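Chains A and B are the protein sequences, given in the same order.
Be aware that the first sequence starts at 454, since it is given in our numbering, and climbs by one per residue.
Be aware that the second sequence starts at 555, since it is given in our numbering, and climbs by one per residue.
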Amino acid sequence: MQEIATSRLVLAAGDLWREAVNPRFLRALADGTLAPTAFQRWLVQDYHFANGLLSFQAVMTSKAPREGHGLLIGGLAALEQELAWFERHAERLGLRLNSPVHPVGRRYVDYLIAAAYVQPFGVQAAILFAVEAAYLAAWSALSPAGPYAEFIARWSNTQFAEYVRRLGALAQHHQHPQQAEHFNQVLKHERDFWEMTWDT
Amino acid sequence: MRLHEKLWLENADLVAACEAHPFVRGLMAGTLQRDAFRRYVAQDAFFLRAFVRAYALALARSPAAEQAEELHAFIGGALEELRLHRRYAAELGIDLNTVEPLPAASAYVNFLMRSAWHAGLGETLAALTPCMRLYAHLGQVAASACRPGHPYGAWIETYADPQFAALAARVEALLDAVADDEPAVHDAYRYALLCEHDFFSAPLELSS
């Protein structure tokens with residue numbers, strides 16, 4: 454985590470980073486005050502997001518240099534397993550995963566998929582690093598206990614942290630002048646995504 | 555009923571919301587603040603460049619020569635609109651090269667780019683059509699209230715022009731030809747209208 458928190462892109466993002474990784478949604482989840490319906494809304498919307506991220510990463514991978522293949526394809530396989538994991542939870546909770554995508558989540562995924570086609574690889578690497586680093590940092594602030602322990606552990610474990618560290622290294626290796634701009638763009642989407650789940 | 559008619563009718567609520575939007579009402583009445591109009595023109599030029607690219611991507615994906623000819627004409631129409639925007643921009647003192655997109659414009663452009671690059675031809679046309687039909691509709695509504703010396707008379711004339719309505723009808727005919735009556739097409743059409751609505755809000759939000 455330390456290596457991520459002190460990375461060039463995180464430091465340059467300043468307050469945006471802090472806003473994206475410290476949502477009131479997760480604070481409420483940690484202290485037990487989150488409404489179960491809010492959690493269920495988040496689960497459905499995050500499933501839609503994971504589907505969109507899979508598309509982004511798949512297209513990005515098709516344009517990646519050889520050295521990125523192992524990391525990105527490993528990430529894709531993990532995403533596929535995550536979708537199945539979401540589906541199991543949705544079934545257990547009786548949630549409909551084909552319910553409409555919230556406009557805020559849609560904006561985020563539209564941004565990602567458009568970027569998969571129009572941005573150079575260095576920018577895409579920064580985008581993917583931002584998505585996963587913000588997620589890791591947000592969940593790592595919580596201790597894996599209570600009713601949501603399985604969720605917290607899933608996105609704060611050492612294997613996920615190592616994946617994110619390697620994504621950071623990939624972005625660092627393929628620097629591009631617009632990396633910071635897009636890193637920050639992702640953080641704004643992350644911030645809005647957490648708020649969306651809280652609000653509606 | 556043809557698909558484009560069905561789509562237009564089932565989204566009458568969003569069309570009415572656009573028609574009643576303070577930005578649109580102000581523009582029609584001529585009471586819209588000049589600064590809000592300046593911001594709108596700048597954002598619209600940014601949007602139109604994406605519109606041209608989306609048409610071009612649809613063209614690249616068109617299997618039939620007649621469809622390619624239609625899309626070629628639509629690209630020409632959008633480029634003509636861009637030329638008009640450049641003229642407005644020059645009159646209003648806006649440098650279109652330095653325009654930063656507002657979130658509403660970015661969202662709309664990303665949606666168009668996602669559709670055009672990633673989705674099928676039918677969905678792409680469903681994303682592109684509402685803008686054309688909505689503007690032809692608003693132009694016609696505005697024309698009835700337009701008087702000589704209206705501060706936004708030139709804008710109204712552009713979209714009230716029967717040629718613009720004819721172009722919108724050709725886009726709709728292509729939509730009917732290439733799109734299936736499926737949820738993704740309905741969804742893209744409706745979301746594009748929602749983007750239109752938010753696009754009108756953006757220049758006002760910034761001034762408040």
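Where a beta carbon is used, it is the ideal one built from N, C-alpha and C, also for glycine.
Bear in mind that the values here come from a model prediction, so they are computed numbers and not experimental data.
Simplified DSSP assignment, three categories, for ALA458/A: ALA458/A sits in a helix when the DSSP states are folded into three classes.
For ILE566/A, the three-state DSSP class (helix, strand or coil): For ILE566/A, the secondary structure class from DSSP, reduced to helix, strand or coil, is helix.
Enclosing alpha helix (DSSP H) for TRP671/B [first to last residue]: Residue range 657-672 is occupied by the alpha helix (DSSP H) that includes TRP671/B.
Presumed contact (8 Å Cβ cut-off) between PHE764/B and VAL578/B, rounded CB distance: Outside the displayed span of chain B (555 to 762) sits residue 764/B, for which this structure offers no information.
Alpha-carbon spacing of ASP484/A relative to MET667/B, whole angstroms: In a straight line, the C-alpha of ASP484/A is about 41 Å away from that of MET667/B.
Beta-carbon neighbours of PRO489/A, restricted to chain B and to distances below 8 Å: Chain order gives no chain B residues near PRO489/A, where near means a beta carbon separation below 8 Å; the closest approach is about 28 Å.
Span separating the alpha-carbon of MET649/A from that of VAL557/A: In a straight line, the C-alpha of MET649/A is about 7 Å away from that of VAL557/A.
Among ILE457/A, LYS516/A, LEU623/A, GLN493/A, nearest to ALA569/A - alpha-carbon criterion: The residue with the shortest Cα to Cα distance from ALA569/A is LYS516/A.
Same chain, Cβ closer than 7 Å to LEU631/A, neighbours up to 5 away in sequence not counted: Here residue 631/A is Gln; the residue named in the question, Leu, does not match the sequence. A distance below 7 Å between beta-carbons, with the five flanking residues on each side excluded, links GLN631/A to the following residues of its chain, in chain order: VAL576.
Pair within 9 Å by beta-carbon distance, ARG751/B and HIS575/B: One detail in the question is off: residue 751/B reads as His in this sequence, not Arg. Judged by beta-carbon spacing, HIS575/B lies within the 9 Å limit of HIS751/B, meaning their Cβ atoms are closer than that value.
Where HIS639/B falls, given that 16 or more other Cβ within 10 Å makes a residue buried: Around the beta carbon of HIS639/B, a 10 Å sphere encloses 16 or more other beta carbons of the protein chains shown; the residue is thus reported as buried.
Min CB distance ARG559/A to chain B below 9 Å: With 9 Å as the cut-off, ARG559/A counts as an interface residue toward chain B.
Opening and closing residue of the alpha helix (DSSP H) in which GLY631/B lies: Note, GLY631/B: alpha helix (DSSP H), 619-646.
Residue range of the alpha helix (DSSP H) that includes ALA593/A: Here residue 593/A turns out to be Ser, not Ala, going by the sequence shown. Run containing SER593/A: 574-593, per the alpha helix (DSSP H) assignment.
Rounded distance between the beta-carbons of LEU692/B and GLU573/B, thought under 8 Å: Contact between GLU573/B and LEU692/B holds: their C-beta atoms lie close to 7 Å from each other, under 8 Å.
Exposed unless 16 or more other CB atoms sit within 10 angstroms - verdict on HIS626/A: Classification of HIS626/A: exposed, given that the 10 Å Cβ count is below 16.
Interface positions of the segment 658-680 of chain B facing chain A (Cβ-Cβ less than 7 Å), listed along the chain: Answer in chain order: ALA661, ASN664, PHE665, MET667, ARG668, TRP671, HIS672.
Reference ALA583/B; option with closest CA among ILE710/B, LEU633/B, ALA670/B: When the alpha-carbon of ALA583/B is set against those of ILE710/B, LEU633/B, ALA670/B, the nearest one is in ILE710/B.
Residue from ALA599/B, TYR662/B, GLU654/B whose Cα sits closest to the Cα of LEU529/B: There is no way to answer for residue 529/B, as the model of chain B reaches only from 555 to 762.
Interfacial residues, the segment 595-622 of chain B to chain A, with Cβ spacing under 7 Å: For the segment 595-622 of chain B, the beta-carbon criterion of a distance under 7 Å to any beta-carbon of chain A is satisfied by none of its residues.
Through-space distance from ARG724/B to THR490/A, alpha-carbon basis: Near 46 Å, if we compare the C-alpha coordinates of ARG724/B and THR490/A.
Cβ contact (3+ pairs, closer than 8 Å) linking the segment 698-705 of chain B and the segment 596-606 of chain A: With contact defined as three or more Cβ pairs closer than 8 Å, the segment 698-705 of chain B and the segment 596-606 of chain A are not in contact.
Entirely enclosed alpha helix (DSSP H) segments - the segment 671-725 of chain B, minimum 4 residues: For secondary structure counted as the alpha helix (DSSP H) over 4 or more consecutive residues, the segment 671-725 of chain B holds these complete runs in sequence order: 675-699, 707-714.
Secondary structure of ARG603/B, DSSP reduced to three states: Of the three classes helix, strand and coil, the one that applies to ARG603/B here is helix, per DSSP.
Simplified DSSP assignment, three categories, for ALA574/B: Three-state DSSP puts ALA574/B in coil, outside helix and strand.
PRO556/A at chain B interface by Cβ criterion, 9 Å: Proximity of PRO556/A to chain B, defined by a Cβ-Cβ separation below 9 Å, is satisfied.
Chain-order list of residues whose beta-carbon lies under 6 Å from that of LEU586/B (same chain, five-residue window excluded): Contacts found: GLY580.
Where ASP735/B sits in the DSSP three-state scheme: The answer is coil: DSSP assigns ASP735/B none of H, G, I, E or B.
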